[in-house]
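Student: Sharing a structure, written as structure tokens. Questions coming.
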């Protein structure tokens, strides 16, 4: 089974569960959780079911294409179900079975791992799902987002597509994976990893990034005043990405680090508050 | 009658399971006892997905006698003993005849009334109320909500099995109805199955690959491990914490042996075992404390017939070991000293500066401690260790495996040929992590560890961060426990308050609170930590208070004091000495200090007491200064007869002012000496409680 077969399978499986199949968000994000299809939709009171592939960028994880399992961009399969279903663990297990994994021959474990994202003021309780010791999914019951207690409680399942595929193909090297029957991960991604690693660690202009951070931060503030919450949130995502790049350039001291995260979080929290207030009065 | 409760949940962390089982046991015991339901058996067992209560409870509440009091006897009966309307009215209201009225004696006099036997209700009627209430009252270190429910628990609840006397005990809990069925292993036997008794429950579950008793799972793991290791003639790298975790993590343990390429064996055991433990939770396999290219894992299943679990884990481990090797080689490219310069960028605490600042302070603190505990020989090496000990915070290895901090610094120092004393001090300077952990084995490690912890405590307190029951962001309690444990284990004697002064001085202007205030807070904080430690060791609280009465400036001596008091507490002379001390204290209360003038003693008994005291003082002082409080105390027992005679024959509060003050001065001297052993007036004696 290739990565694209894996995606097709998951799309089919979660569509059958009543999920709306979203398309990847068109901005750089560190995780599927950060896209509006998750961030905003977990805040309001309405039920919500969505599934989508989301490329996730983590500039610091770049290894110039030389490490067999670390990359600065990877692909997540993100599922949100709100409110969480009583048998959601079983549904998740069924999704693995639908991929043809004979679970009775394996060791499947839900291993305590509470998740948090300080940048968007979110945290949840849950597990990393281990299949024969390999982490294939982060499984989280959201408790807060944007600093606000969420209710009803959404459940998030984030499959690491490359990890899962390495399991399915029994391979040790990410670049050996098949994207499709005749296209490998190497063909598609190796050059990108090389170039972006160089950019992330050496070439990205610290000055430009710092200025951009300030510009987008200001713009987010301005848009919040105008109640344009979705555009304002986009600006926060840009800030978060610039922050990650500055971090991989080694341009942020530990003190600054905490402060910059707090600055983004303050904006995101404002957006979350305005959004929930607007939803409540609608 | 047999009671069985199983709360089935999604996977809970082991620490949650343990606290829940403890709470369930306590709460059932106390609720049943206050409901008058007798309990002949009660225990709790569980897995990460099940909290189970098994008990043998009475079928119904015990009958209770109820007394209903009516009017006073004098009102109810005329002098000729004929009932008045008051008696008749009361009897009627209670539905009994006047003949059945009894006289009941109360504090206020005689009344008439009746005694009724109140029949106990069936226990099931009571349990139906109690059980859901107990489940809802369980608390966890971190609670969560799920779905649309407002209930908070460790993890979402799936099913509640509840039987009493082989029948379903039916109740509702947040939309979940109790049931008389459960299910087996999640992957292998998810189907519902009905059970009637605990025996049936346990056996059926075992058949469906769930071993519900933790002790049994533990034994299964150990037996399988032994079987796997026997052919290799190897042993497990012991890790009680991991074993305990795995015991709760799986419902049916299956141990598998895996291997990894020998090329990774050049990595130290610490690195290999950490890489195995974190993430995959694997045990490393050793022979004579040397790593073999094997590991053991515990899966939640009953077979690995195609070795897929083993091979999968081997593949994941290889990737982790490859990372570890990369970090090891990468980190060793630079010396620790060179790396320590990177600490300028790493913040220790916003107001207290970076780890570079901390290292500079540690150099001064270890130098001070070396002087105070006569360890000047190792001062030079310790200063070097202090300078390098935090350098591993900026290594890749610690970034990946934070639990290796300290240890990895020590290993890198060793690789880089630092003196053994230096590398060992660095290696051990986080130890002990908590009271269960071991203190550093080397004196250098002990000193560096104390310095590091005291620096953190004084600094964090000094910038005004409060430590409360629920909030201790810098782990100051654990740090303080570490300091105390090292002092006791290593029998270190130094002035604790002067060490605090020194650390405060080194911080200088950085601290925001006034120095005196910080010092007072720290002393009080340590006093409470020591009290906790001594209580945990099983010493009586009043003996601890008595020992603390003599101060904790020498922390080790405070321990010797408690031990001495505890050792002599059953001696026949102990209690008279306490009573004597209390008497002396009472007489001396509110008296200013006086000076002894031996020429003014004229009664025989006061002269005798004075000379007895002088001899005792001469003998006890050397014992006190070397910390032999047991001997000092025994010497003090000898004062009792002279002191008794003194009190019997001599009037302390004599008419003449000079004579009175002289007698008080003698008692003050005795009290002062006694106080160097303990404040005996704190000890509770029989009959006083």
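Residue numbers (the numbering used here), protein chains in the order written: chain A, 910 to 1191; chain B, 6 to 694. Heads up, the beta-carbon is just placed ideally off N, CA and C, and yes, glycines get one too.
Can you name the residues of chain A whose CB is closer than 7 Å to the CB of residue 198 of chain B?
Tutor: By Cβ distance, chain A contributes nothing, its closest Cβ being about 17 Å from residue 198 of chain B, past 7 Å.
Student: Could you tell me whether the Cβ of residue 1018 of chain A comes closer than 8 Å to any Cβ of chain B?
Tutor: Interface residue, yes.
Student: Counting pairs of Cβ atoms below 8 Å between the stretch 575 to 593 of chain B and the stretch 640 to 654 of chain B, do you hit three or more?
Tutor: They touch, by the three-pair rule.
Student: Let me check understanding here. Comparing Cα to Cα, which of A:1001, A:926, A:1153 and A:923 lies closest to residue 1040 of chain A?
Tutor: The shortest Cα separation from residue 1040 of chain A among A:1001, A:926, A:1153 and A:923 belongs to A:1001.
Student: Only counting the same chain, and skipping five residues up and downstream in sequence, which positions put a Cβ closer than 7 Å to that of residue 163 of chain B?
Tutor: Answer for residue 163 of chain B: 13, 14 and 15, listed in chain order.
Student: Using only alpha-carbon positions, find the residue among B:313, B:623 and B:468 that is nearest to residue 262 of chain B.
Tutor: Closest by alpha carbon: B:313.
Student: Shorter than 8 Å from the beta carbon of residue 1119 of chain A to some beta carbon of chain B?
Tutor: Output row for residue 1119 of chain A: interface = no.
Student: Is there a Cβ of chain D sitting closer than 8 Å to that of residue 1149 of chain A, yes or no?
Tutor: Among the chains of the structure shown, chain D does not appear; the protein chains present are A and B.
Student: Between residue 304 of chain B and chain A, is there a C-beta pair that is closer than 8 Å?
Tutor: Chain A, which has a Cβ nearer than 8 Å to the Cβ of residue 304 of chain B, makes this yes.
Student: According to the Cβ coordinates, are residue 244 of chain B and residue 300 of chain B closer than 8 Å?
Tutor: Going by C-beta atoms, residue 244 of chain B is not nearer than 8 Å to residue 300 of chain B.
Student: Using the C-alpha atoms, what's the distance from residue 204 of chain B back to residue 34 of chain B?
Tutor: Distance between the alpha carbons of residue 34 of chain B and residue 204 of chain B is about 22 Å.
Student: Whose Cβ in chain B lies nearer than 9 Å to the Cβ of residue 978 of chain A?
Tutor: The contacting residues are 324, 327 and 328.
Student: Using a Cβ-Cβ cutoff of less than 6 Å, which residues in the same chain neighbour residue 1151 of chain A once the five nearest sequence positions on both sides are dropped?
Tutor: If we look at residue 1151 of chain A and ignore the five residues flanking it on each side, its Cβ neighbours are 1118, 1121 and 1122.
Student: Distance cutoff 8 Å, beta carbons only. Does residue 1074 of chain A sit that close to anything in chain B?
Tutor: Residue 1074 of chain A does not count as touching chain B.
Student: What is the rounded straight-line gap between the Cα of residue 603 of chain B and the Cα of residue 661 of chain B?
Tutor: Spanning the two alpha carbons is a distance of roughly 16 Å.
Student: Could you give the distance in angstroms between the alpha-carbon of residue 148 of chain B and the alpha-carbon of residue 972 of chain A?
Tutor: Cα to Cα, the separation comes out at about 38 Å.
Student: Considering Cα atoms alone, identify which of A:1167, A:983 and A:937 is closest to residue 1074 of chain A.
Tutor: Among A:1167, A:983 and A:937, the Cα nearest to that of residue 1074 of chain A is on A:983.
Student: Can you tell me which of the three DSSP states residue 241 of chain B falls into?
Tutor: Strand.
Student: Run through the DSSP bridge pairs and tell me what residue 987 of chain A is partnered with.
Tutor: According to DSSP, which records beta bridges pairwise, residue 987 of chain A is partnered with A:961 and A:1067.
Student: What's the C-alpha gap between residue 575 of chain B and residue 658 of chain B?
Tutor: Distance between the alpha carbons of residue 575 of chain B and residue 658 of chain B: 34 Å.
Student: Could you tell me whether the Cβ atoms of residue 1149 of chain A and residue 1067 of chain A are closer together than 8 Å?
Tutor: No; because the gap between Cβ atoms is not below 8 Å, this pair is not in contact.
Student: From the DSSP output, in three-state form, read off residue 52 of chain B for me.
Tutor: In the structure shown, residue 52 of chain B sits in a strand (DSSP, three-state: E or B).
Student: With contact counted as at least three CB pairs below 8 Å, one residue from each stretch, are the stretch 301 to 320 of chain B and the stretch 339 to 354 of chain B in contact?
Tutor: Segments in contact, no.
Student: Who are the Cβ neighbours of residue 349 of chain B in its own chain at under 6 Å, not counting the five residues just before and after it?
Tutor: Only 359 and 361 meet the Cβ criterion.
Student: Do residue 436 of chain B and residue 447 of chain B have their C-beta atoms within less than 8 Å of each other?
Tutor: Result no, Cβ atoms of residue 436 of chain B and residue 447 of chain B do not sit closer than 8 Å.
Student: Kindly indicate which residue of B:22, B:649, B:276 and B:632 has the alpha-carbon position closest to the one of residue 158 of chain B.
Tutor: Taking only the C-alpha atoms, the option nearest residue 158 of chain B is B:22.
Student: Excluding five sequence neighbours on each side, which residues of the same chain lie with their C-beta closer than 7 Å to the C-beta of residue 951 of chain A?
Tutor: Contacts found: 989, 991, 1051, 1054, 1059 and 1063.
Student: Would you grab the beta carbon distance between residue 967 of chain A and residue 941 of chain A for me? Rounded to a whole angstrom, and I think it's under 8 Å.
Tutor: That belief does not hold up - the Cβ atoms of residue 967 of chain A and residue 941 of chain A are roughly 12 Å apart, past 8 Å.
Student: Determine the extent of the alpha helix (DSSP H) in which residue 229 of chain B is found, giving its start and end residues.
Tutor: 219 to 234 is the span of the alpha helix (DSSP H), which, as asked, contains residue 229 of chain B.
Student: If you check the beta carbons only, do residue 1046 of chain A and residue 1033 of chain A fall under 8 Å apart?
Tutor: It is not a contact, given that the beta carbons lie outside the stated cut-off.
Student: Could you tell me how far apart the beta carbons of residue 99 of chain B and residue 119 of chain B are, in whole angstroms, since I believe they sit closer than 8 Å?
Tutor: At roughly 6 Å, the Cβ-Cβ gap stays under 8 Å, so residue 99 of chain B and residue 119 of chain B are in contact.
Student: Taking Cβ-Cβ distances shorter than 7 Å, what residues in chain B pair up with residue 993 of chain A?
Tutor: Residues of chain B passing the Cβ test: 151 and 152.
Student: Can you tell me the Cα-Cα spacing of residue 449 of chain B and residue 494 of chain B, whole angstroms?
Tutor: If you take the alpha carbons of residue 449 of chain B and residue 494 of chain B, they lie about 14 Å apart.
Student: Can you give the Cα-Cα distance for residue 467 of chain B and residue 1030 of chain A, rounded to whole angstroms?
Tutor: Going by the C-alpha atoms only, they are around 30 Å apart.
Student: Whole-angstrom Cβ separation of residue 464 of chain B and residue 432 of chain B, contact assumed at under 8 Å?
Tutor: 24 Å between Cβ atoms; not a contact.
Student: In whole angstroms, give me the CA-to-CA distance for residue 648 of chain B and residue 587 of chain B.
Tutor: Cα-Cα distance, rounded: 13 Å.
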